[in-house]
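S.K.: First residue of the sequence shown? That's 27 in my numbering, and the numbers climb one at a time after it.
Heads up, the beta-carbon is just placed ideally off N, CA and C, and yes, glycines get one too.
Have a look at this one before I ask anything.
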Amino acid sequence: MSVVKLPLVAVAATLALGACASQGDVDELRKDVNQVKSDIARLQSEVTAAKTESARAAQQAAAAAQEARNAAAAANAAAERADRMFQKGLRK
């Protein structure tokens, strides 16, 4: 935000020192400043929404990873049971 203010201040100072700042110039500068403020507010809103969506996606990814670990554990347990049953059948 300070990056935007510095050029605007420089323009305003140049116009004031040059004694060529008309009311139209001042109005145009105010319009530009208001547009920049509006753009900043919109971008902040978009950033907030993106952060929220990112957090939601991270939670979903963590849940999916946990489900995958659970499925792998269940598959391993089933394979171990099947192997034990097979080994038991060989002993008979």
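#1: DSSP on Ser47, reduced to helix/strand/coil?
#2: Do you know offhand how far Ala76's Cα is from Val52's?
#3: Take Ala91 and list the residues in its own chain whose beta-carbon comes closer than 6 Å to its own, dropping the five residues that flank it on each side.
#4: Alpha carbon to alpha carbon, how far is Arg82 from Asn96?
#5: Residues in its own chain within less than 6 Å of Ala118 by CB, not counting five upstream and five downstream?
M.R.: So, from the listed chains and residues:
#1: Residue identity check: residue 47 is Ala in the sequence provided, not Ser. Three-state result, Ala47: coil.
#2: The alpha-carbon atoms of Ala76 and Val52 are separated by roughly 36 Å.
#3: none
#4: 21 Å
#5: According to the sequence displayed, residue 118 carries Lys and not Ala. Nothing listed; no residue qualifies.
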